[in-house]
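Structure record follows, encoded as structure tokens.
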Amino acid sequence: MQTVKMVVTGTFSAGKTEFIRSISEIDVVQTERKITNPAEQIKESTTVAMDFGRITVDDDLVLYLFGTPGQRRFDFMWEILSEGMLGFVVMVDSTRAETFQESKRILDTFRTYAPTPFVVAANKQDHPDAWEPSDLRIVLRIDPEVKVLPCVALEKDSVKTVLLELLYSILDSVEDEGESS
Amino acid sequence: MALKGNLRDFSTTQLLNLINLARKTGTLTVERNSKEVARMSFREGSLIFASVSHGNSRLSNILERAGKLSAEQANTIRKERGKAGDKELGMMLINAGLVSQADIIESVRRHTLEIVYRQFTWGEGVFRFDANVLPPPERITVPINLEGVIMEGSRRLKEGERLQDELPDLDMALKFADRPSAGIRNISLAVEEWRVVSFINPRNTIRQIAKANSMSDVQIRRIVYGMMHAGLVELVPCEGAKPTEPDRPERVAPGKRPAPMAQAPAVKRSVVMRLIDRIRRI
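Spelled out as structure tokens, the structure:
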């Protein structure tokens with residue numbers, strides 16, 4: 445059986461868990477676990493709750509969705525999770541301008557891990573205070589060829605659209621590079 | 087005259103007890119299969135340093151393995167300061183602000199303990215204790231109480247035996263459970279467990295995952311057993327007669343940005359088309 449992996453990243457409370465939960469066929473394990481013990485935040489054995497979902501394509505192919513821990517202190521996990529990913533989604537909380545700079549930092553960091561396609565999901569578009577995706581593109585300085593998509597992570601159809609757009613980008617990159625095994 | 091013998095007749099635990107009680111100073115050399123050689127040095131009954139023939143015990147390597155230096159930094163140091171002794175190199179790294187004295191001490195300590203704990207699992211091997219032979223003066227040594235080492239080593243030995251019974255074949259592969267148990271909802275993973283998770287694939291054997299993460303057999307068995315017990319993963323036969331060796335993620339020192347990966351994972355167009363088709367149907 446072949447397994448492929450996509451990573452859903454973003455700031456704390458950007459909607460990563462909701463995004464994966466909306467489309468996963470298994471229960472998603474919640475990631476945004478509150479850690480109140482200060483010692484846990486610095487020691488090497490700090491525990492990080494797991495956040496992953498699964499979509500079975502057929503008997504031979506399974507897609508795993510991995511959510512990254514949103515807290516900055518867990519950013520050492522990002523590279524581990526990004527290993528071998530097909531592509532990634534950067535979730536942005538469109539209602540919280542104070543998180544935009546951090547979102548940009550996360551996006552730039554992930555781009556250094558692998559030259560894989562990615563899309564930006566402007567989440568919480570159902571909220572009246574949400575910034576427009578076009579405005580987010582400007583403030584996050586997203587290249588024109590990268591898709592910035594409206595998203596409501598609680599709605600399955602919205603999540604489907606984001607994943608499909610990412611897969612279309614991956615398909616384009618495969619076509620550009622030619623087939624390989 | 088040096089103490090000589092075979093671990094078959096005189097175990098590591100007994101040897102360390104002797105060295106501890108007699109407050110011996112010197113170096114214990116153990117050779118297994120004429121290939122693997124481990125050296126452990128003691129001063130007045132305290133463990134102070136250890137090295138193995140197949141693993142580099144220079145400070146730059148120790149700090150790299152401990153994640154205190156990136157691979158790039160360690161390579162640069164080896165090229166430019168390859169002839170410097172460990173003490174000289176340590177001072178240079180502290181003055182450059184790359185590591186702290188505490189980082190060096192803790193890294194050397196862990197390196198030493200890692201080697202000694204592994205010795206407890208050797209059931210056979212020729213040993214020799216050379217009194218008053220110590221590591222070269224340029225090496226950084228850290229005194230470690232031997233009683234605690236013996237207790238922890240014995241505990242690990244017992245745990246290792248139990249884990250080997252539970253998980254005898256490391257050439258099996260892992261896959262995520264098809265129907266994860268209800269308890270998985272609140273599972274929490276440690277850093278080393280996350281490293282294993284990132285390699286879970288029916289094409290990677292447990293042994294390969296351990297190798298890619300520089301884990302001992304006991305370490306990987308402990309992690310896999312825990313995940314199996316939590317209902318997160320299941321054992322499956324490895325797919326393919328010649329499974330590929332998983333790529334090892336480059337270790338990055340805290341706060342350091344990793345070098346870009348060479349290339350994206352290869353994927354066939356047909357695979358992406360199947361994914362698209364499946365998600366459209368959800």
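From first to last, the protein sequence lines stand for chains A and B. Be aware that the first sequence starts at 445, since it is given in our numbering, and climbs by one per residue. Be aware that the second sequence starts at 87, since it is given in our numbering, and climbs by one per residue. The C-beta atom is built at its ideal place from N, Cα and C for all residues, glycine as well.
Any chain A beta carbon closer than 8 Å to residue i
i, result
"Arg214/B", "no"
"Leu361/B", "yes"
"Val310/B", "no"
"Glu331/B", "At Glu331/B, the pLDDT of 49 sits below 50, so the modelled position is not reliable; the number obtained from the coordinates is stated separately. Glu331/B does not count as touching chain A."
"Glu224/B", "no"
"Val353/B", "yes"
"Val358/B", "yes"
"Arg366/B", "yes"
"Trp208/B", "no"
"Glu150/B", "no"
"Glu325/B", "yes"
Chain B within 8 Å of residue i, Cβ atoms only
i, result
"Leu505/A", "yes"
"Val448/A", "yes"
"Val501/A", "yes"
"Lys548/A", "no"
"Met521/A", "yes"
"Val583/A", "no"
"Leu551/A", "no"
"Arg498/A", "yes"
"Leu530/A", "yes"
"Ile464/A", "no"
"Val638/A", "The displayed coordinates of chain A run from 445 to 625. Any statement about residue 638/A would go beyond what the structure contains."
"Met535/A", "no"
"Glu542/A", "no"
"Leu509/A", "no"
Continuous beta strand (DSSP E) stretch holding residue i: start and end
i, result
"Arg591/A", "Reading off the sequence, residue 591/A comes out as Lys, not Arg. Counting along the chain, Lys591/A falls outside any beta strand (DSSP E), and DSSP gives it neither H nor E."
"Thr560/A", "Premise fails: Thr560/A is in no beta strand (DSSP E) and is neither H nor E."
"Val596/A", "Note, Val596/A: premise wrong, no beta strand (DSSP E); not H, not E."
"Thr98/B", "First-last for Thr98/B: Thr98 to Leu107, but that is the alpha helix (DSSP H), not the beta strand (DSSP E)."
"Arg125/B", "Glu122 to Arg129"
"Glu117/B", "Gly112 to Arg118"
Residue i - containing alpha helix (DSSP H), residue span
i, result
"Leu460/A", "Reading off the sequence shown, one finds Lys at residue 460/A, where the question assumed Leu. Its alpha helix (DSSP H) spans residues Lys460 to Ile467."
"Asn161/B", "Ala157 to Glu166"
"Asp303/B", "Asp303 to His315"
"Lys173/B", "Asp172 to Asn181"
"Ser132/B", "Here Ser132/B belongs to no alpha helix (DSSP H); instead the beta strand (DSSP E) covers Ser132 to Val138."
"Arg151/B", "Leu145 to Arg151"
Status (buried if at least 16 other CB within 10 Å, exposed otherwise) for residue i
i, result
"Met178/B", "exposed"
"Pro223/B", "exposed"
"Glu462/A", "buried"
"His315/B", "exposed"
"Gly239/B", "buried"
"Asn287/B", "buried"
"Val319/B", "buried"
"Ala565/A", "buried"
"Phe543/A", "Note that residue 543/A is Thr in the sequence shown here, rather than Phe. Counting Cβ neighbours within 10 Å, Thr543/A comes out buried, since at least 16 surround it."
"Leu275/B", "buried"
"Ser578/A", "exposed"
"Met301/B", "buried"
"Asp495/A", "buried"
"His197/B", "buried"
"Asp172/B", "buried"
"Ser127/B", "buried"
"Met359/B", "exposed"
query = Just by C-beta distance, which residues in the region 282 to 300 of chain B are closer than 9 Å to chain A?
reply = Val283, Ser284, Phe285, Ile286, Asn287, Pro288 and Arg289
request  = Could I get the ranges of all uninterrupted beta strand (DSSP E) runs contained in the region 191 to 261 of chain B, with 3 residues as the minimum, in chain order?
outcome  = 212 to 217
Members of the region 592 to 613 of chain A near chain B, C-beta cut-off 8 Å = Lys600, Lys604, Leu607, Leu608, Leu611 and Tyr612
ask   = Just by C-beta distance, which residues in the region 223 to 247 of chain B are closer than 8 Å to chain A?
value = none
query = Taking any Cβ of chain B, which residues in the region 560 to 589 of chain A have a Cβ under 9 Å from it, in chain order?
reply = Thr560 and Pro561
task = Using a Cβ-Cβ cut-off of less than 8 Å, give me the residues of the region 248 to 263 of chain B that come near chain A, in sequence order.
result = Lys261 and Phe262
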